[in-house]
Amino acid sequence: MSITTIGLDADDTLWHNETIFRLTHDRFVALLADHGDRDLIEGRLAEVERRNLRLYGYGVKGFTLSMIETAMELTGGEAPPVVVREILAAGREMLAHPVETLPGVDEALAALSEKYRLVLITKGDLMDQERKVAASGLGDLFAAVEIVSEKDSGTYQRVFARHGTGAEEAVMAGNSMKSDVLPALEAGAFAVHIPYAITWAHELAEAPEGHARYGALESIGALPDWIAARA
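Written out as structure tokens, the structure is:
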């Protein structure tokens, strides 16, 4: 069986993302320092984010709303207007942040695009993800871009059937074990984990060690050779 299609995650696989979120986390903690220590504030924000994911989805806008909600909870519904203004300003800055591709991405995608159909599969806010794809300069290398509300096995089956020759002849590569690896394997695809320096708590999961279709690489630069060895 040949490999025809390569699915690629976007945030923290092709360009920096979580580091920007962490900087905003630090800014948020500082804003609410009078209402709790870092562990309390971070823990409450994580709870609120988890509760809101099904309503707001993934991305900066949902994160901003969750920060405002957390601030209201921690201040007993009396968050100072300056705090709300600062949170909204932080969200706008995140949405306008320059896109910085990770080392080796341009070369790896250029090499892969010569032999395989590339499909970008990402979660997040539609407008923000479209902006980042355009700003990255990588858009022309992809045969398709899929911005989805969730990454589960059904998503991968549909995407690889629509833009390829089915999940069995596809590889999904990304930094999230929970979203990029496990559901892709469940769908029948190959899956490659390429870790990022920081992993969002909601994306943590155990590696499927020993799975015949699973691979782990230190960087995206090694992906073309990994795929070539199995194609």
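The sequence shown begins at 143 in the numbering used here and counts up one residue at a time.
Here a beta-carbon is modelled for each residue, glycine too, at the ideal position from N, C-alpha and C.
None of the values given here were measured: they were computed from a predicted structure.
Worksheet item: Relative to the alpha-carbon of G246, which residue among H353, D322, T155, A373 has its alpha-carbon at the smallest distance?
Response: T155
Practice prompt. Can you check the region 231-306 for any alpha helix (DSSP H) of at least 4 residues that lies completely inside it and give the ranges in chain order?
Written response: 247-255, 268-278, 295-305
Worksheet entry | Selected residue, minimal CA-CA separation from A354, among A339, A326, T341, G363 | A326
Practice prompt. Please list, in chain order, all residues of the same chain as E211 whose beta carbon is under 8 Å from its beta carbon, the five residues on each side excluded.
Written response: V190, N194
Practice prompt. Go through its chain and collect everything with a Cβ distance to A232's Cβ below 6 Å, but skip five positions before and after it.
Written response: Result list for A232: T166, R169, in chain order.
Discussion item. Taking the straight line between their C-alpha atoms, what separation do you get for E215 and L187?
Written reply: 10 Å
Discussion item. According to DSSP, is T155 part of a helix, a strand, or is it coil?
Written reply: coil
Discussion item. Whether or not the region 308-323 and the region 272-285 are in contact is what I'm after, with contact meaning three or more pairs of Cβ atoms, one per stretch, closer than 8 Å; do they touch?
Written reply: Taking 8 Å as the limit for Cβ pairs, the verdict is that the region 308-323 does not touch the region 272-285.
Discussion item. Short of 6 Å in beta carbon distance, which residues of its chain neighbour L268, apart from the five on each side in sequence? Order them along the chain.
Written reply: I289
Worksheet item: Under a Cβ-count criterion, where at least 16 other Cβ atoms within 10 Å of its own Cβ denotes burial, should D153 be classed as buried or exposed?
Response: The residue in question, D153, is buried, as its Cβ has 16 or more Cβ neighbours within 10 Å.
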